[in-house]
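Report on the following structure.
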Amino acid sequence: MPWQLVPLHAAEEESVLLPEAGDATVGRRPHNTVVCPNIAVSGTHCILHCDGMDPPEVEDCSTNGSFVNDAKLLKGQRRRLAAGDVISLTKPMETSEVAEGRGPEQRIQYRLEFKEPPAEDDGGDLPPTMPEPRRPPSKASDHCFAQDLLVQEQQSKAKLTSDLLVSQRKLEEERQAVESMTRELRKVRQQVEEERSKRQEAEEGRDRLTGEVEALRSENRQLQELSADHEELRKKHEAAAQDLRGRAQRCEELELLQVQLRRDLASASEAQQKASQQHAELQIRAR
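Read in order, the letters of the sequence shown are residues 7 to 293 in the working numbering.
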């Protein structure tokens, strides 16, 4: 089992060894070789076709697609992997989502690594004091040595590639975090400006209300003074009306007295006429 999948989304999970030959399935259902219980992962998401020492081929079987180094595979498409390649079962964050300020979501990712098989012990049951037997150099050993060098070079390249991908991913996460913090800072500054504007408007409203209250108090004092003047005028009006009623009653009495005097004057004039007539008659008779 020279090849293995290292989970990048969960550091606590152990690496999964791939078979030397045959297929290894990756998906959400428990019958898969690599089980990933995530709702974004299909039941059988992809298949790894293993072929000895050669890197396996990945075949996509999912609905949303599989990604090799963020390059999407269509359903049924195969691709030969290399040491250090990162297989993603969920899609990367789109530019529009980054612009909207959404936080980075946890992606389901595995890195393909070459696991060197353990060296076989050909020394037999030799005692520890016995020197190692000398073996004549052979073409096979040279071939193995070259292959070991190739494997070590591939492992170094895979490690460098994985470290570079991890660094790029961390840098991208840091950049997104900085952009998110910048947006949050802008929102906070905007909220502070809005609160400051609201506070200024509230202070202006308070000053305006204070002026209106003072004006109302002044008007209230004037109203109280006018009420006192009105009450005094009302009392004077009542006194004048009462005096006027008394004078009117006195006028009526004087008018009645005047009528009575006129009647008495008419009676006196009539009596005087009669007396004059009688006096004239008496003078005539006296002659």
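Cβ coordinates follow ideal geometry from the N, Cα and C atoms, glycine included.
As the structure is a prediction and not an experimental result, all values here were calculated from the model.
Terminal residues of the beta strand (DSSP E) in which residue i lies
i, result
"residue 79", "77-79"
"residue 55", "52-57"
"residue 115", "115-120"
"residue 27", "27-33"
"residue 68", "Taken as a continuous stretch (DSSP letters only), residue 68 belongs to no beta strand (DSSP E), as it is neither H nor E."
"residue 11", "9-13"
"residue 47", "Residue 47 -> no beta strand (DSSP E), and no H or E assigned at all."
"residue 94", "92-94"
"residue 293", "Unbroken run through residue 293: none, as it is neither H nor E."
Nearest-angstrom Cβ-Cβ length linking residue i and residue j, presumed shorter than 8 Å
i, j, result
"residue 9", "residue 121", "7 Å"
"residue 64", "residue 80", "Contact doesn't hold; Cβ gap of about 12 Å is too wide."
"residue 92", "residue 117", "5 Å"
"residue 33", "residue 47", "6 Å"
"residue 90", "residue 168", "5 Å"
"residue 88", "residue 57", "With 8 Å as the limit, residue 88 and residue 57 do not qualify as a contact, their Cβ atoms being about 14 Å apart."
"residue 15", "residue 174", "That belief does not hold up - the Cβ atoms of residue 15 and residue 174 are roughly 16 Å apart, past 8 Å."
"residue 315", "residue 76", "Absent from the model: residue 315. The displayed extent of the chain is 7 to 293, so no value can be given."
Proximal residues to residue i (C-beta, below 8 Å), its chain only, five neighbours per side dropped
i, result
"residue 280", "none"
"residue 19", "13"
"residue 72", "51, 52, 64, 66, 78, 79, 93, 94, 95"
Beta-carbon contacts of residue i that lie in its chain and below 7 Å, excluding the five residues immediately before and after
i, result
"residue 271", "none"
"residue 85", "63, 64, 74, 79"
"residue 222", "none"
"residue 143", "For residue 143, the predicted structure reports a pLDDT of 47, less than 50, and the residue's modelled location is therefore unreliable. The matter cannot be settled from this model."
"residue 112", "15"
Own chain residues within Cβ distance below 6 Å of residue i, not counting five before or after
i, result
"residue 29", "53, 55"
C-beta neighbour in chain B for residue i, strict 8 Å
i, result
"residue 22", "Protein chain content of the structure displayed is limited to a single chain, and chain B is not contained in it."
Q: Quick one: which unbroken beta strand (DSSP E) runs of 3-plus residues sit fully inside the stretch 213-246? Chain order, please.
A: none
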